[in-house]
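K.L.:
Residue numbers for the sequence shown follow this note's numbering, so the first one is 14 and each next one is one higher. For each residue, glycine too, the CB sits at the ideal point set by N, CA and C. The following block contains the structure, expressed as structure tokens.
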Amino acid sequence: MNEDFVVTPWEMKGEVDYDKLVTRFGTSYISDELIARIPGGRDNIFLKRKIFYSHRDLDWLLDNYSAGNPFYLYTGRGPSSGTHLGHMIPWMFTRNLQDAFKAKLYFQMTDDEKFLFKDSLSLRDTENATMDNILDFIALGFDPSKTKIIIDTRDISHLYRIALKVSKKVTFSTARAVFGFDNSTNIGSIFFTSIQSVPAFLESEIAGRNVPCLIPCGIDQDPHFRVTRDVAPVLGYYKPSLIHCKMLPGLTGGKMSSTGEAAIYTTDTDAEIRKKIMNAFTGGRATVEEQRRLGANPAICPIFHHYEYLFEPDDTKFKKIEEDCRSGALLCGECKANLLAKVKVFMDGHRRKREEARKMVDRFLL
Ligand code: TRP
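In structure tokens, the structure reads:
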């Protein structure tokens with residue numbers, strides 16, 4: 014394939030065109046009518062701003078819900094390093110959905126996946142990252158009576174029977190076509206997608222009858238769940254529904270990568286956060302004079318996107334930032350300082366809740 018950009022669960026390359034992905038992957042846009050069927054949907058920052066913008070079978074899931082057949086939620090995290098703001102967007106949205114639908118949630122920590130796919134990481138590394146990342150997840154306020162965290166290496170006895178059934182229905186040729194594997198791929202990686210399928214069926218297995226499942230995730234995870242959805246009917250389960258989000262753009266321009274200056278991590282100090290924001294790439298002009306005269310370009314600016322995705326939920330205020338940026342009334346230095354103040358408020362709260370989460374971990378484990 015000679016593509017201008019690449020999105021797989023393991024790699025993002027080039028300038029991602031999210032509209033093209035909908036066509037390439039064969040998903041659907043979330044219509045305003047669908048948003049209106051989600052309690053609080055119209056006011057939800059991630060839905061109204063089209064950050065969660067694509068889906069599979071969300072209409073089917075909501076029809077079932079209206080008919081008295083509730084669903085559960087499933088999402089997860091590949092623990093390779095600390096947690097940054099971009100990682101938490103799908104978790105925050107999942108929290109909104111849990112509240113809106115009073116839904117049960119499985120959160121899968123794929124320490125096995127990150128070990129298999131990252132040469133540089135040992136199993137110890139990904140297990141340690143798991144215990145660290147869990148704190149960020151719990152800090153977002155999930156209901157422990159409705160939320161269970163699955164840690165793959167530790168909870169494999171609950172997963173293995175279903176993973177086996179999945180793996181028997183997925184050929185190497187399918188895995189190779191979906192994920193781009195070749196003869197040098199380790200065999201653990203080839204098997205792994207069966208493990209990521211399991212939580213989509215787990216509740217049906219436990220309940221002894223089919224229970225609909227909704228998976229909020231970055232659209233980069235869609236390839237896994239295409240496999241999951243293909244095998245579902247063969248194994249007698251419902252296909253899970255999906256709701257996909259875009260990735261928060263990195264502060265250095267381009268994709269928010271998992272390392273370095275591009276992202277704000279929950280363990281960063283205030284000084285580190287200040288440095289990352291103040292040094293960030295922007296859509297600004299070369300000189301103040303030029304920017305006052307010509308205005309700047311919010312569309313390519315990660316600072317602007319941080320307001321859009323997380324830090325300015327008020328539409329009127331958000332629109333003013335955009336207008337003042339375009340007109341040249343708002344300069345990048347000021348805009349960055351305003352964002353920094355908002356990030357600081359968020360981080361102060363998050364750090365406190367993250368510490369409190371340490372005492373709650375046991376209540377969330379399977
Ligand atoms: N593979 C995901 C990652 O690398 C982790 C994951 C597992 C996940 N199950 C999921 C993500 C379900 C979203 C939904 O981050």
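In terms of residues, what are the limits of the alpha helix (DSSP H) holding Tyr87?
P.N.:
Element bounds for Tyr87: not the alpha helix (DSSP H) but the beta strand (DSSP E), 85 to 90.
K.L.:
Just how far apart, CA to CA, sit Phe120 and Ile163?
P.N.:
Those two C-alpha atoms are separated by around 6 Å.
K.L.:
Can we count Cys230 as close to ligand 1, meaning its CB is less than 7 Å from some heavy atom?
P.N.:
Checking every heavy atom of ligand 1 against the Cβ of Cys230, one is found closer than 7 Å.
K.L.:
With a Cβ-Cβ cutoff of 8 Å, do Thr166 and Asp124 count as a contact?
P.N.:
The answer is yes: Cβ separation under 8 Å.
K.L.:
Does the beta carbon of Pro52 fall short of 7 Å from some heavy atom of ligand 1?
P.N.:
Result no, Cβ not under 7 Å from ligand 1.
K.L.:
I need the boundaries of the alpha helix (DSSP H) containing Tyr31, first residue and last residue.
P.N.:
Segment 31 to 38, the alpha helix (DSSP H) holding Tyr31.
K.L.:
What are the uninterrupted segments assigned as beta strand (DSSP E) that are 3 or more residues long and contained completely in the segment 222 to 296, given in chain order?
P.N.:
You should have 226 to 231, 254 to 258.
K.L.:
Which residues bound the alpha helix (DSSP H) around His68?
P.N.:
Per DSSP, His68 belongs to no alpha helix (DSSP H); it is in the beta strand (DSSP E), 65 to 69.
K.L.:
Taking a contact to mean a Cβ-Cβ separation below 8 Å, would you say Thr241 touches Ala213 in this structure?
P.N.:
In this structure, Ala213 lies closer than 8 Å to Thr241 by Cβ.
K.L.:
If you draw a straight line from the C-alpha of Glu335 to the C-alpha of Gln304, how long is it?
P.N.:
Each residue's alpha carbon lies about 14 Å from the other.
K.L.:
Helix, strand or coil for Phe59, going by three-state DSSP, please let me know.
P.N.:
Three-state DSSP puts Phe59 in a helix.
K.L.:
Please report the distance separating the alpha-carbon of Ile277 from that of Lys357.
P.N.:
So the two alpha carbons sit approximately 11 Å from each other.
K.L.:
Starting from the C-beta of Ser180, find all residues in its chain whose C-beta is less than 8 Å away, skip the five residues before and the five after it, and write them out in chain order.
P.N.:
Closer than 8 Å at the Cβ level, and outside the excluded window around Ser180, lie Phe204, Ser207.
K.L.:
Excluding sequence positions up to five away, which residues of its chain have a Cβ less than 7 Å from the Cβ of Lys178?
P.N.:
Cβ neighbours of Lys178 beyond the five flanking positions: Leu248.
K.L.:
Between the segment 194 to 203 and the segment 226 to 243, do at least 3 Cβ pairs fall closer than 8 Å?
P.N.:
No, the segment 194 to 203 does not touch the segment 226 to 243.
K.L.:
Indicate whether Thr96 and Asp149 have their beta-carbon atoms separated by less than 8 Å.
P.N.:
Contact flag set, yes.
K.L.:
Tell me which residue opens and which closes the beta strand (DSSP E) that Glu302 is part of.
P.N.:
Per DSSP, Glu302 belongs to no beta strand (DSSP E); it is in the alpha helix (DSSP H), 301 to 307.
K.L.:
Let me know if Glu347 comes out buried or exposed under the rule of 16 or more other beta-carbons within 10 Å of its beta-carbon.
P.N.:
When all chains shown are included, Glu347 counts as exposed.
K.L.:
When you compare each of Met101, Val211, Gly91, Asp156 to Asp138 by their alpha carbons, which one comes out closest?
P.N.:
Per the Cα distances, Gly91.
K.L.:
Measure the Cβ-Cβ separation of Lys84 and Leu227 and say whether it is below 8 Å.
P.N.:
Reading the sequence as shown, one finds Phe at residue 84 and not Lys. Going by C-beta atoms, Phe84 is nearer than 8 Å to Leu227.
K.L.:
Could you tell me whether the Cβ atoms of His237 and Gln209 are closer together than 8 Å?
P.N.:
Result yes, Cβ atoms of His237 and Gln209 sit closer than 8 Å.
K.L.:
Apart from the five residues on each side of it in sequence, which residues of its chain come closer than 6 Å, Cβ to Cβ, to Lys366?
P.N.:
Once the five neighbours on either side are set aside, the close Cβ partners of Lys366 are Ala152.
K.L.:
Less than 8 Å between the CB atoms is what I'm expecting for Thr40 and Arg69, so what's the real figure, rounded?
P.N.:
Their Cβ separation, rounded to whole angstroms, is 6 Å, which keeps Thr40 and Arg69 in contact under 8 Å.
K.L.:
Grouping DSSP H, G and I as helix and E and B as strand, with all else coil, what is Ile43?
P.N.:
The answer is coil: DSSP assigns Ile43 none of H, G, I, E or B.
K.L.:
At a cut-off of 7 Å, would you count Thr88 as near ligand 3, judging by its Cβ distance to the nearest heavy atom?
P.N.:
Because ligand 3 does not appear in the structure shown, any question about it cannot be addressed here, the ligands present being ligand 1.
K.L.:
Could you check whether Leu86 and Leu71 sit closer than 8 Å to each other, using their CB atoms as the reference points?
P.N.:
Against a cut-off of 8 Å, the Cβ pair of Leu86 and Leu71 comes out as no contact.
K.L.:
Might you give, ordered along the chain, the residues of its own chain that have their beta carbon closer than 6 Å to the beta carbon of Asp291, omitting 5 neighbours on each side?
P.N.:
With the sequence shown as reference, residue 291 is identified as Met, and Asp is not the correct amino acid for it. Correct list, in chain order: Lys349.
K.L.:
Using DSSP with H/G/I as helix, E/B as strand and the rest coil, what is Val183?
P.N.:
Looking at Val183 - three-state DSSP - the assignment turns out to be coil, as it is neither helix nor strand.
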